[in-house]
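Read the structure below first, then the notes.
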Amino acid sequence: MHIYKCAECGEKFETDNFANRCPRCRCKVLIHLEGRRRKSKSCAGGCSSGCSCGGGGCH
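One gets the working numbering by counting positions in the sequence shown from 1 and adding 6 to each.
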């Protein structure tokens, strides 16, 4: 179970799968409040020192 909040309209909603859009306003900017996180993309090594990608190759 995942709980999201829309950054545009503030709608909170639950879903069994990962969401890509708000069901109310169709906004693509969602704040993931609860549930298993998606895996982060691997680091290409060009990010800043404050990177949170978890790839281990940051400079």
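Virtual Cβ for every residue (Gly too), placed ideally from N, Cα, C.
- Task: Can you tell me which of the three DSSP states residue 34 falls into?
- Result: coil
- Message: Let's see if you can read the secondary structure: which residues bound the beta strand (DSSP E) around residue 11?
- Response: 8 to 12
- Task: Determine the DSSP secondary structure at residue 45, reduced to helix, strand or coil.
- Result: The three-state reading of DSSP puts residue 45 in coil, since its state is none of H, G, I, E or B.
- Message: Bridge partners for residue 24 per DSSP, in chain order?
- Response: Partner(s): none; residue 24 has no beta bridge.
- Can you tell me which of 39, 16, 10 puts its alpha carbon nearest to the alpha carbon of residue 25? 10
- Message: Closest to residue 32 by C-alpha separation, out of 8, 16, 7, would be which residue?
- Response: 16
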